[in-house]
Amino acid sequence: MATKQVRYMEIEAEHHGEYYALMLFATIGMMFMTSGIDIVVQFIALETMAISFYVLAGFLRHDRRSNEGALKYVLLGAFSSGILAYGFSIMYGLSGSTNLQQITVAFTLRAPADVLVLLSLVTVSAGLFFKVAAVPFHQWAPDVYEGAPTSITAYVSVASKTASFALLLRLFQTAFWASRENWTLLVAGVAVASMTVGNLAAITQTNIKRLLAYSSISHVGYVLLGLVAGNETGFQGMAFYLFAYTFMNTGAFAIVILLRRKGLIGDDLEDLNGLSQRNPGAAVLLLIFMLSLAGIPPTAGFIGKYYIFLSLIQTRHYWLAVFAVLYIIPAVYYYFRIVKHAWMREVTDTVRPVASPAQAVALTVTVFISLVAGIYPEPFVRLAGYSLFLPFGPLGR
Amino acid sequence: MEFFRQHILSVVLFTPVAGAVLALFIPREKDEAHRVLGNVFGMLGFIVSVPLVWWFNPDAAGFQFKENLDWIPSIGAHYTLGIDGISFLLVMLTTVLGAISILSSWSAIQLRKKEYYILFLLLQTGMLGVFMSLDFFLFYVFWEVMLVPMYFLIGVWGSDRRLYAAIKFFLYTLAGSVLMLLAILGIYFKYYEMSGVYTFDILTLLSATPSFPLALQQWLFWGLFFAFAIKVPMFPFHTWLPDAHTEAPTAGSVILAGVLLKMGTYGFVRFSLPMLPQASSSRTIVAVMATLSIIAIIYGALVCMMQKDMKKLIAYSSVSHLGFCTLGIFALTPHGLSGSILQQINHGISTGALFLIVGILYERRHTRLISEFGGLSTPMPNFAAIYLIISLSSLGMPLLNGFIGEFTILRGVFEVSKSWAAWGVIGIILGAAYLLWLYQRVMFGSVSNPANERLPDLNAREFATLVPLVALALWIGVYPKPFFRYLDRPVRQIVERVNPGYYERTERVNAQPTAPSADSAPAAAAPTKPTARERK
Chain A
5 MATKQVRYME IEAEHHGEYY ALMLFATIGM MFMTSGIDIV VQFIALETMA
55 ISFYVLAGFL RHDRRSNEGA LKYVLLGAFS SGILAYGFSI MYGLSGSTNL
105 QQITVAFTLR APADVLVLLS LVTVSAGLFF KVAAVPFHQW APDVYEGAPT
155 SITAYVSVAS KTASFALLLR LFQTAFWASR ENWTLLVAGV AVASMTVGNL
205 AAITQTNIKR LLAYSSISHV GYVLLGLVAG NETGFQGMAF YLFAYTFMNT
255 GAFAIVILLR RKGLIGDDLE DLNGLSQRNP GAAVLLLIFM LSLAGIPPTA
305 GFIGKYYIFL SLIQTRHYWL AVFAVLYIIP AVYYYFRIVK HAWMREVTDT
355 VRPVASPAQA VALTVTVFIS LVAGIYPEPF VRLAGYSLFL PFGPLGR
Chain B
41 MEFFRQHILS VVLFTPVAGA VLALFIPREK DEAHRVLGNV FGMLGFIVSV
91 PLVWWFNPDA AGFQFKENLD WIPSIGAHYT LGIDGISFLL VMLTTVLGAI
141 SILSSWSAIQ LRKKEYYILF LLLQTGMLGV FMSLDFFLFY VFWEVMLVPM
191 YFLIGVWGSD RRLYAAIKFF LYTLAGSVLM LLAILGIYFK YYEMSGVYTF
241 DILTLLSATP SFPLALQQWL FWGLFFAFAI KVPMFPFHTW LPDAHTEAPT
291 AGSVILAGVL LKMGTYGFVR FSLPMLPQAS SSRTIVAVMA TLSIIAIIYG
341 ALVCMMQKDM KKLIAYSSVS HLGFCTLGIF ALTPHGLSGS ILQQINHGIS
391 TGALFLIVGI LYERRHTRLI SEFGGLSTPM PNFAAIYLII SLSSLGMPLL
441 NGFIGEFTIL RGVFEVSKSW AAWGVIGIIL GAAYLLWLYQ RVMFGSVSNP
491 ANERLPDLNA REFATLVPLV ALALWIGVYP KPFFRYLDRP VRQIVERVNP
541 GYYERTERVN AQPTAPSADS APAAAAPTKP TARERK
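Residue numbers (the numbering used here), protein chains in the order written: chain A, 5 to 401; chain B, 41 to 576.
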C-alpha cells in the first residue's frame, strides 16, 4: 500500500509524515482485531483502526469531497461504534467476562431465542455491518471512497473490510453460533440487499471510485452468503473470497492511482479512455482485475465465488444461489464499462500513465495473485482452510 | 513422437496460446509480423490436429487420447482431456475454421493487429478446450474464457453498433453460463451425497447421474438448458445472435457461427442427454424442446426473408439451421442424433463460408445492404460459382453436405413424429427460398449499381479460404460414410441411455423374416414408431 502512496501524495502536496504513522496505527488495530479473543481488546483495536481511517479519509485538507467523506465517516462510524459497544456490554453482562470463550459458553447455555442474546446480536451486527459497508449501513461508503485519497480508498476497501469481517466471523462462529437459526434469515436479507443495492447502483456511476465502492458493497453481500451457508465450505469460501478480493480490489485501485497526475484526479471513467493505446500493460492488468472482480474464470475472484455458490448448494439455499449467480450479470456490465473505456474508446488524454517502480511492484503482486490463485488455487485454498482454525480449537461442525 | 502422440490433445489445445504468448513479445508497431505470426499459428494449429485423423480409432468405445493431471485436488477438479467421435469432428472443425478465419483477416483488419491476433488465438484455445475437456470444472473455465476474446473481437473490430452487440453477447451468454454453474455444482454435490467423493470428472459423473431422482434431473436439465439454449441459440434466446453476427468482423462471424454456436448443441449432446437421460426423454421436455426447435426453424427462416442486410440474413439462417440440429437431438434416435451432429459440422462449413463470402463483398464495397449489390456474377464469376455452391450446400441440395444432414435428421425425427418432420420440411423449403432469393438479388441480373461494375474477383488468398470449405462440402455430400462412422459409437451410447430399448426394438423387427434387407428399413420404421410413441 505504502508503495503506491509516495508519488500520489507528492502530487497532492499533502505528503506528510503523519500519513504513514496513521496507516501503521490502522494496521496495528486491524491485526489486533483479527487475533484478539477478548472483546475489550477487539473493541479498542477496532476503534484504533477506525479513528486512523477517519483522519486518513480526510487527509486531503483542501478537497471538499475528502472533507465531506471524512465527516460522514466519523459521524456514522462513531454512532455505530457506540451501538457496537452497547452490544459488547450486553455480552459482558450476560457472561460476566470479556473473554470470548467464556461468552460463548454463557450464550450456549441460554435459550437460542433469548431476548438479550438477540439484542446483543443485532447491535453487534449493526456496528460491524457498518464497518464492512453492508446494506443498510452502507451510505458512507460511496462518499468516503470517492473523497479519500485513492490509496486510502484502496486500503479502507480491503483491509478495514477484511479485518472487520474477521471480527464478525469470529463473533458469529463463537458467541452467536448457538442462536444460528435466528440470524440466518437476517444475514441472508442483508446479503441480498447488499448485492442488490451494490450491483444496481454501480450501473450508473461515472466515477470509478464510486463505482468500485458500490461494487464493494455487493462483494460484501457475497461474503455474507458464505456466512448464511455456515458450513465448512462457506467459511473457507469467505476466507478465500476476502483474500482474493484484497488483491484484486487493490490492483484495480492501483491502476486508478496510476492515472493521477497534476491537475487530474483520474477517477472518472473518461480518464481511462484509450488506456490500451497509452499504456497497454496497465490496460491488460485492468482487464484482469475486472475479470477477477466480476468472477470470470480463470481468476481468483471466480474461485472465491465458486466456493460461496457451492456452500449455498450444499446447504440447500437454492434460491439464494440463483440470485447470487444472476447478480454476476450486472456486475460484468459495470466492470466492463471500465474495460470499454480503457480498450474501446479513443484516446482523449494523450499523457502516458507510467508506473513508478514501487507501483510496479504493487501491481505485479496483485495481478500475480489474481491470476495464479485462479489458475492454480490449491495452495491458497489450503491457506484459507487453515485460517479458520480458531485459537481454541477447530470448529468441528 | 511418443510424447506427441500421448499428449496430442494438449499440443493441439495450447498451440494457439503459444502463438499468442510469442506475439506478446513482438512490438505492436511490427504489425506485418503479427499478421504472419497469427496465420502461422493458425495453420500450425490445424496441422497438429491432422494426426488425430489417422490415430483416432472410430471403432473404439469411449474417449481416446485421454490426459489426466491433478489440478485442484481439494475440490476434485482435474485437467482431463479426451475426445470421442463427436468431439473429434468438432475439434477438427474448430482447427480448420480457425485457420481459415485467421487467413481471411489478412486485409480486413488494419488497426491494432497485435491485439487482434492474440485475442483470436486465445479464442481458439478456449473453443478447443470446451470440446476436449472431460472435467466439468475445466469445461466451465474454458466456456467462460471464450467470452472475453469474443467480446473484444466484436467490440473493437466490429462495425457501427459493435459496443452494443459485444456487451449484449457477453451478458446474454454469461446469464446462461452462471445458471449452468449452479447446475454443475448441483450435480457435483449430489454425486458427493451419493458416493462421498468430490469430483468433477465427467466420466465418473456419467456413470452416476442417470440414477439421480427424476425431479432433480429435471431441475438440473433446466439449469444446463439456459446455457446451451442461449448458445445455440434457441428461440426465444436468440436475440443476441443477429446483433453479434452482424457487427462482428468477418472472421469473428465465421468463428461465432461456425464453432461457438455448436457448443450449445455439443452441451446438449455431451451433458444434458447422457447425464440426465430420464429428464431428457421425459414427455414435457421433449415436447418443449421440439416446439422451440420448430419455431426456430420456421420463424428464423421467415425473418430471413425480410432482411435487408446480408449478414443479418445469414445470422437468422443460423437460427433456422440450428433449429434442425436441436430437433434432431431431441428426437432421441440414432439418425436424429448423428444427423444433428453432422449437420452441425455442415452448418459450420456452409455458414462459415457464407460469412466469408459476405466478408469478401464487404471488404470491396464496405456495405452489407442487399440493395447495394446486384448482377455481381458479371464482374466476379469465380465468386459467383463458389457462392452458388455454398448457398446450395446451406439449403440442402443433394450432392452437398446440407442434404445429408437434413435428410438424416428428418429420418430420425420422422420415426418419432410425422408432424414434426413435416414442419422441418417446410423449413427446408423456406431455407431454399431465402437463400436463392438472396443469391438472385445479389448475383443475377444486370449490374444495377455502377460501383459494382469493376469489382475484383477472388484473389488467391480468398480462394484459399473458400476452397477447403467447398471441398469439404462436396466430400460430405457425396461420401459421408467416414463421417458417420466416427459418430456411430458415441451416438449409440447416448441413444442407449435416453432411449433404452431402441436398439432391441429395431433388431427385433429386423430379425423378423421379411423381404431382402432393402425393405427392412421401412418395415422397421413403422413398428418402432408406435412403440416409441406409447412408451412416452
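No residue lacks a Cβ here, since even glycine has one placed at the ideal position from N, Cα and C.
Could you say which of Gly198(B), Gln318(B), Val218(B) and Trp280(B) lies nearest to phenylalanine 252(B) if we only look at CA atoms? Gln318(B)
Hey, does leucine 225(B) have any beta-carbon neighbour from chain A nearer than 8 Å? yes
Given 8 Å as the limit, is there contact between the region 312-319 of chain A and the region 166-173 of chain B, that is, 3 or more CB pairs closer than that? no
From Trp197(B), Gly392(B) and Met132(B), residue whose alpha carbon lies closest to that of leucine 296(B): Gly392(B)
Are the C-beta of proline 289(B) and some C-beta of chain A separated by less than 8 Å? no
Measure the CB-CB distance between aspartate 460(B) and alanine 330(B) and report whether it falls below 8 Å. Contrary to the premise, residue 460(B) reads as tryptophan rather than aspartate in this sequence. Taking 8 Å as the Cβ cut-off, tryptophan 460(B) and alanine 330(B) qualify as a contacting pair.
Any beta-carbon of chain B closer than 8 Å to the one on phenylalanine 169(A)? no
Euclidean distance between Cα positions of leucine 203(B) and methionine 345(B): 27 Å
Given that glutamate 184(B) touches chain E, what residues does it touch there, using C-beta distances under 7 Å? The structure shown has no chain E; the protein chains it does contain are A and B.
For the region 331-342 of chain A and the region 283-295 of chain A, state whether three or more C-beta atom pairs, one from each stretch, are separated by less than 8 Å. yes
Leaving out the 5 sequence neighbours to the left and right, which residues in its chain are closer than 7 Å to proline 302(A) when beta-carbon positions are compared? Gly378 and Ile379
Buried/exposed call for lysine 153(B), threshold 16 Cβ in 10 Å: buried
Would you give the residue range spanned by the alpha helix (DSSP H) that leucine 375(A) belongs to? 361-379
Can we say the region 149-166 of chain B touches the region 55-66 of chain B, given the rule of at least three CB pairs closer than 8 Å? yes
For a contact meaning CB atoms closer than 8 Å, what does glutamine 318(A) contact in chain B? Phe229
Should leucine 222(B) go down as buried or exposed, given a rule of 16 or more other Cβ atoms within 10 Å for buried? buried
If leucine 178(B) and alanine 117(B) are in contact, beta carbons under 8 Å, what's the gap, nearest whole angstrom? 7 Å
Which listed residue (Val343(A), Ile300(A), Ala346(A) and Glu350(A)) has its alpha carbon closest to that of isoleucine 333(A): Ile300(A)
For glutamine 104(B), write down the residues that DSSP places opposite it in a beta bridge. Ile123(B)
How many angstroms separate the CA atom of threonine 237(A) from the CA atom of glycine 230(A)? 8 Å
Where does aspartate 528(B) fall in DSSP's three states? helix
Please report how far the alpha carbon of alanine 89(A) lies from the alpha carbon of histidine 142(A), in whole angstroms. 19 Å
Backbone secondary structure at serine 357(B) - three-state DSSP: helix
Give a yes or no on whether 8 Å exceeds the smallest Cβ distance from proline 116(A) to chain B. no
Give a yes or no on whether 8 Å exceeds the smallest Cβ distance from phenylalanine 210(B) to chain A. yes
Could you tell me whether the region 107-123 of chain B touches the region 359-370 of chain B, where touching means 3 or more Cβ pairs closer than 8 Å? no
So threonine 180(B) contacts chain A; which residues on that side make the cut at Cβ distance below 8 Å? Checking the displayed sequence, the identity of residue 180(B) turns out to be tyrosine instead of threonine. Correct list: Pro301.
Output, in sequence order along the chain, the residues in the region 189-203 of chain B whose CB is closer than 9 Å to any CB in chain A. Tyr191, Phe192, Gly195, Val196, Arg202 and Leu203
So, does the CB of proline 113(B) fall closer than 8 Å to a CB anywhere in chain A? yes
Identify the continuous alpha helix (DSSP H) that holds valine 148(A) and give its terminal residues. 144-151
Which residues in the same chain have their Cβ closer than 8 Å to the Cβ of arginine 529(B), if we skip the five residues on either side of it in sequence? Pro98, Asp99, Ala100, Ala101, Asp124 and Gly125
Does the distance from the C-beta atom of isoleucine 534(B) to that of leucine 313(B) stay below 8 Å? yes
Helix, strand or coil at isoleucine 207(A) according to DSSP, with G and I counted as helix: coil
Check whether the Cβ of alanine 255(B) lies closer than 8 Å to any Cβ atom in chain A. no
I want to see whether chain B comes within less than 8 Å of tryptophan 187(A), judged by CB atoms only; does it? no
Give me the residue from Phe447(B), Arg404(B), Val398(B) and Leu219(B) with the minimum Cα distance to tyrosine 4(B). For chain B, the structure presents residues 41 to 576; residue 4(B) sits outside this window and is missing.
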